[in-house]
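Worksheet: one structure, shown below.
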Amino acid sequence: DVKVTQSSRYLVKRTGEKVFLECVQDMDHENMFWYRQDPGLGLRLIYFSYDVKMKEKGDIPEGYSVSREKKERFSLILESASTNQTSMYLCASRQGRNSPLHFGNGTRLTVT
Amino acid sequence: GDSVTQMEGPVTLSEEACLTINCTYTATGYPSLFWYVQYPGEGLQLLLKATKADDKGSNKGFEATYRKETTSFHLEKGSVQVSDSAVYFCALTGGGNKLTFGTGTQLKVEL
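Chains as they are written, first to last, in the working numbering: chain A, 1 to 112; chain B, 1001 to 1111.
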């Protein structure tokens, strides 16, 4: 079974802090994604990556950056956390465009 | 850009009732279509998919048919159970590798 592991289940940070969310997958997938999930808004794509060191902006990239130095790891960075970034963050990976997404368990981030 | 529109919830049904959750999409080219499900306290998982027009995806008694003429991918089940209570997300892959989700529809099934 594919495993997508997010480093933290719950995280509390202060406004202005730099925040790193880490995600690792163990199935050599090409594509990795970061979404945020908010009530009434569903899942919104922040960034995705289709290869090492390659990244593309999703629908809501403002305030975020990403890093993919190794194929199995995809990091989401909040350069200066703000309260409107309080959310559930979901990492996912898949091999190709018709393959299913495999999700991690999510990181619930609270910015105070 | 690509977009997915789902019916708003929550949808509340009695056990053994019929279910339809509407999903329509806008995309360039020939998207692949998916339904994902999120059970309470769990992560999202794939329920079914269809990759070309007129394909029918099915799993766990759920079905959805890719209708290119109406740009729809409605989720149906003939007899729901309490254990089907969850949030259901319609999604598509359009050009490239980006996967776009709808806002989700919560289903509550009561005895």
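For glycine and all other residues, C-beta sits at the position ideal for the given N, C-alpha and C.
For residue 1077 of chain B, the enclosing beta strand (DSSP E) has its first and last residue at 1075 to 1077. By the 16-neighbour rule on beta-carbons within 10 angstroms, residue 1018 of chain B is exposed. Excluding five sequence positions before and after residue 48 of chain A, the CB atoms of its chain that fall closer than 8 Å to its own CB belong to 31, 32, 33, 34, 55, 56 and 58, given in chain order.
Excluding residues up to 5 positions away in sequence, 1033, 1050, 1052, 1053, 1054, 1055 and 1073 lie with their Cβ nearer than 7 Å to the Cβ of residue 1066 of chain B in the same chain. What residue 1046 of chain B touches in chain A, judged by beta-carbon distance under 8 Å, is 100 and 101, going in chain order. At a cut-off of 8 Å, the C-beta of residue 16 of chain A has no neighbouring C-beta in chain B. Around residue 14 of chain A, the same chain offers 81, 111 and 112 as residues with beta carbons nearer than 8 Å, after the five sequence neighbours per side are excluded. Taking each of A/62, A/70, A/29 and A/72 in turn and checking the Cα distance to residue 36 of chain A, the smallest one comes out for A/62. The C-beta of residue 1097 of chain B comes closer than 8 Å to at least one C-beta of chain A. The residue from B/1094, B/1015, B/1009 and B/1028 with its alpha-carbon nearest to that of residue 1077 of chain B is B/1015. Segment contact: the segment 80 to 94 of chain A against the segment 1002 to 1013 of chain B, fewer than three CB-CB distances shorter than 8 Å; contact not assigned. Between the alpha carbons of residue 1079 of chain B and residue 1102 of chain B lies a distance of about 24 Å.
Sequence-distant partners of residue 1028 of chain B (beyond 5 residues in either direction) whose C-beta falls short of 8 Å from its own C-beta, in its chain, are 1002, 1094 and 1095. Taking 8 Å as the cut-off, the beta carbon of residue 1043 of chain B is found closer than this to the beta carbon of residue 105 of chain A.
A residue is called buried when at least 16 other Cβ atoms come within 10 angstroms of its Cβ; residue 1036 of chain B meets this threshold and is buried.
Taking the Cα of residue 1091 of chain B as reference, the smallest distance to any Cα among B/1011, B/1023, B/1040 and B/1062 is reached at B/1023.
As summarised for the segment 39 to 97 of chain A, the continuous beta strand (DSSP E) elements at least 3 residues long and confined to that stretch are 42 to 51, 54 to 57, 64 to 70, 73 to 78 and 87 to 94, given in chain order. The straight-line gap separating the alpha-carbon atoms of residue 1106 of chain B and residue 39 of chain A is approximately 11 Å. Here the C-alpha atom of residue 26 of chain A lies approximately 32 Å from the C-alpha atom of residue 83 of chain A.
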